[in-house]
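Enquirer: Please find one structure pasted underneath; my questions will follow.
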Amino acid sequence: MGSQLSSYPDLASLAGRDLLSSADLSAAETSALILLATDLKAGRCQVDLGGKVLGLIFSKASTRTRVSFTVAMARLGGQTIDLNPQVTQVGRGEPVADTARVLSRYVDALAIRTFAQAELEDYAHWASIPIVNALTDLEHPCQALADYQTLQEAFGQLAGLTLAYVGDGNNVAHSLLLCGALLGVNVRIGCPRGFEPIRELVEQARSLAPAGCSIEVVHDPIAAVRGAHALYTDVWASMGQEQEQLEREQAFAGWCLDEALLAEADSRAIVLHCLPAHRGEEISAGAIEGSSSRVFDQAENRLHAQQALLAALLGA
Ligand code: CP
Ligand code: NVA
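Residue 62 is where the sequence shown starts when you use our numbering, and the numbers rise one by one after that.
Structure representation (structure tokens):
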């Protein structure tokens, strides 16, 4: 670790590491990343990643994650290179074991968006450079860092706040559970029966949460949001589940994050959504466009949180 991040001693342990799951970070590392992201956003800290190159392997569509990683590297003086399966030999079946070892000789880190968490783990096994989860079917840890940065901006601190996520117990919900537990945020997932987050992951979040911090799964939208400081939702059908769209629209009837649900939350509650959003499905136009919404600050924070992450992993 050079001198640039010497004011953030809890980040020193992240140099050279992977971020495959929100739970790969300690509580101190998570808090320090959010602090650095906030300082970078405010211009209180400068990081130079001159000469560093981040490779992007995206097997699914992306606007925010792809662009924010690209701009993050540019702002820090580094570069990105698009290594999408369609333009590399990955799309023609070159094994991960070979791709990961070759790319480790060229680039300094890889951000990977794919379906199976096991594929990401395979890259991490074979690569000698940091591997970052840019979304899998299981988790979206970069999103959670930006989300909790946004919550902290709204309330000045995080421990003891309650974040209510209503909707599908998906990748975004999983990372919110783990990252929230590390930060001492009470996380309440409200979902229809059959769409719960993975049970083992809920247990993992409970094991990470400090005493007094609660991790709950409920099946009633009003019970989920009552008194909460943030109301969060995501699409009902994630990438790869497009064929389940109609069936899910029926299963999630009554689970729209709308003004009526917002009225049950704390009067200062903010509305969050990772985007892209489907207005009139998981969120009402009034909720996403209303004065409580912080979704565009949240999207902006992807840039700051990822700058902080890249600076720490690349040992700035
Ligand atoms: N929230 C998010 O990850 O958006 P993209 O799919 O556009 O990257
Ligand atoms: N759960 C969504 C998040 C998109 C950012 C998906 O995986 O498609």
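Ideal Cβ placement from N, Cα and C applies to all residues, glycine included.
(1) Please specify which runs of the beta strand (DSSP E), each continuous and at least 3 residues long, are wholly inside the stretch 256 to 338, giving them in chain order.
(2) Looking only at its own chain, which residues have a Cβ that is under 6 angstroms from the Cβ of His201, when we skip the five neighbours before and after it?
(3) Let me know the secondary structure DSSP gives Leu80 once reduced to three states.
(4) Less than 8 angstroms between the C-beta atoms of Arg340 and Ile331, yes or no?
(5) Do you know how far the Cα of Ala170 is from the Cα of Gln305?
(6) Compare the Cα-Cα distances from Gly116 to each of Val163, Asp71 and Leu333 and report the closest residue.
(7) Does the beta-carbon distance from Ser345 to Glu320 come in below 8 angstroms?
(8) Start and end of the alpha helix (DSSP H) containing Asn231?
(9) How many angstroms separate the CA atom of Val278 from the CA atom of Gly255?
(10) Would you check if the distance between the CB atom of Gly228 and the CB atom of Asp295 is smaller than 8 angstroms?
(11) Mind listing, in chain order, the continuous beta strand (DSSP E) runs of no fewer than 3 residues lying wholly within the stretch 67 to 136?
(12) Checking 8 angstroms against the spacing of the C-beta atoms, do Ala76 and Leu374 come in under that value?
(13) For Leu224, which beta-bridge partners are listed by DSSP?
(14) Among Cys106, Gln147, Gly111 and Pro146, which has the Cα closest to the Cα of Gln140?
(15) Tell me which residues share the same chain as Ile276 and place their Cβ nearer than 7 angstroms to its Cβ, disregarding the 5 neighbours each side in the sequence.
(16) Hey, would you say the C-beta of Met134 is under 7 angstroms away from at least one heavy atom of the ligand NVA?
(17) Looking at the structure shown, is Arg254 part of a helix, part of a strand, or coil, going by DSSP?
(18) Exposed or buried, which one is Gly301 when buried takes at least 16 other CB atoms within 10 Å?
(19) Would you tell me roughly how many angstroms separate the C-alpha atoms of Thr144 and Tyr209, rounded to the nearest one?
(20) Would Leu219 and Val246 be called neighbours here (beta carbons separated by less than 8 angstroms)?
(21) Got a sec: does the ligand NVA put a non-hydrogen atom nearer than 7 angstroms to the Cβ of Glu295?
(22) When burial is assigned at 16 or more other CB atoms within 10 Å of the CB, is Pro70 buried or exposed?
(23) Distance, Cα to Cα, Leu80 vs Ala88?
(24) Please confirm whether any heavy atom of the ligand CP lies closer than 7 angstroms to the CB of Thr124.
(25) Helix, strand or coil: which one does DSSP assign to Leu354?
(26) Tell me whether the beta-carbon of Ala291 lies closer than 8 angstroms to the beta-carbon of Leu224.
(27) Which residues in the same chain as Ala98 place their Cβ atom closer than 6 angstroms to its Cβ, once the five residues preceding and following it in sequence are excluded?
(28) Take Thr131 and list the residues in its own chain whose beta-carbon comes closer than 7 angstroms to its own, dropping the five residues that flank it on each side.
(29) If you count every other CB in all the chains shown that lies within 10 Å of the CB of Arg355, and 16 or more means buried, which is it?
(30) Out of Gln204, Leu96 and Ala84, which has the shortest C-alpha to C-alpha gap to Gly217?
(31) Among Cys240, Ala179, Ser123 and Ser74, whose alpha-carbon lies nearest the alpha-carbon of Leu336?
Expert: On the basis of the coordinates in this document:
(1) 276 to 279, 291 to 294 and 331 to 334
(2) As a working mapping, residue 201 is identified with position 140 in the sequence shown. Hits under 6 angstroms: Asn232, Val233 and Ser236.
(3) As a first step, residue 80 is located in the sequence shown; it is residue number 19 there, counting from the start. Strand at Leu80.
(4) Looking up residue 340 in the sequence shown gives position 279. Looking up residue 331 in the sequence shown gives position 270. Against a cut-off of 8 angstroms, the Cβ pair of Ile331 and Arg340 comes out as no contact.
(5) The residue given as residue 305 occupies position 244 in the sequence shown. The residue given as residue 170 occupies position 109 in the sequence shown. The question names Gln, yet the displayed sequence has Glu at residue 305. Taking the straight line joining both Cα atoms gives about 34 angstroms.
(6) Position 55 of the sequence shown, counted from the first residue, corresponds to residue 116. Taking only the C-alpha atoms, the option nearest Gly116 is Val163.
(7) As a first step, residue 345 must be located in the sequence shown, where it is residue number 284. As a first step, residue 320 must be located in the sequence shown, where it is residue number 259. Yes, Cβ-Cβ distance for Ser345 and Glu320 is below 8 angstroms.
(8) As a position in the sequence shown, residue 231 is number 170, starting the count at 1. No alpha helix (DSSP H) holds Asn231; DSSP gives it neither H nor E.
(9) On the sequence shown, residue 278 is found 217 positions in, with the first residue counted as 1. On the sequence shown, residue 255 is found 194 positions in, with the first residue counted as 1. Computed Cα separation, rounded: 12 angstroms.
(10) Sequence index remark: in the sequence shown, residue 228 carries index 167 (1-based). Sequence index remark: in the sequence shown, residue 295 carries index 234 (1-based). A contact, by the Cβ cut-off of 8 angstroms.
(11) 114 to 119
(12) Numbered from 1 along the sequence shown, position 15 holds the residue referred to as residue 76. Numbered from 1 along the sequence shown, position 313 holds the residue referred to as residue 374. Yes; because the gap between Cβ atoms is below 8 angstroms, this pair is in contact.
(13) Along the sequence shown, one-based indexing puts residue 224 at 163. Looking at the DSSP assignment, Leu224 forms a beta bridge with Val248 and Ala291.
(14) Counted from its first residue, the sequence shown places residue 140 at position 79. Answer by Cα proximity: Gly111.
(15) Numbered from 1 along the sequence shown, position 215 holds the residue referred to as residue 276. Within the same chain, Ile276 has close Cβ partners Leu238, Ala242, Val248, Val263, Ala266, Arg267 and Ala270.
(16) Translated into positions along the sequence shown, residue 134 becomes position 73. Because no heavy atom of the ligand NVA lies under 7 angstroms away, the Cβ of Met134 does not count as near it: no.
(17) What you label residue 254 is simply residue 193 of the sequence shown in a count that begins at 1. Correct three-state label for Arg254: coil.
(18) Along the sequence shown, one-based indexing puts residue 301 at 240. With fewer than 16 other Cβ atoms within 10 Å, it is exposed.
(19) Numbered from its first residue, the sequence shown carries residue 144 at position 83. Numbered from its first residue, the sequence shown carries residue 209 at position 148. Note on residue identity: the sequence assigns Leu, not Thr, to residue 144. Cα to Cα, the separation comes out at about 29 angstroms.
(20) Here residue 219 refers to the residue found at position 158 of the sequence shown. Here residue 246 refers to the residue found at position 185 of the sequence shown. Contact flag set, yes.
(21) Taking the sequence shown and counting its residues from 1, the one referred to as residue 295 is at position 234. Looking at the sequence provided, one finds Asp at residue 295 rather than Glu. Checking the Cβ of Asp295 against the ligand NVA gives yes.
(22) If you number the sequence shown from 1, residue 70 lands on position 9. It is exposed - the Cβ of Pro70 has fewer than 16 other Cβ atoms within 10 Å.
(23) Position 19 of the sequence shown, counted from the start, is the residue given in the question as residue 80. Position 27 of the sequence shown, counted from the start, is the residue given in the question as residue 88. Distance between the alpha carbons of Leu80 and Ala88 is about 14 angstroms.
(24) Against the sequence shown, residue 124 aligns to sequence position 63. It does: the Cβ of Thr124 is within 7 angstroms (strictly closer) of some heavy atom of the ligand CP.
(25) To locate residue 354, count along the sequence shown from 1; it is residue 293. Note that residue 354 corresponds to Ser in the displayed sequence, not to Leu. Strand, per DSSP.
(26) In the sequence shown, the residue the question calls residue 291 occupies position 230. In the sequence shown, the residue the question calls residue 224 occupies position 163. Contact flag set, yes.
(27) Here residue 98 is taken as the residue at index 37 of the sequence shown, counted from 1. Excluding residues within five positions, the ones whose Cβ falls inside 6 angstroms are Gln210, His365, Ala366 and Ala369.
(28) For the purposes of this step, residue 131 is identified with residue 70 of the sequence shown, where counting begins at 1. Within the same chain, Thr131 has close Cβ partners Thr141.
(29) Within the sequence shown, the letter at position 294 stands for residue 355. Result: buried.
(30) Here residue 217 is taken as the residue at index 156 of the sequence shown, counted from 1. Among Gln204, Leu96 and Ala84, the Cα nearest to that of Gly217 is on Leu96.
(31) Along the sequence shown, one-based indexing puts residue 336 at 275. It is Ser123 whose Cα lies nearest to the Cα of Leu336.
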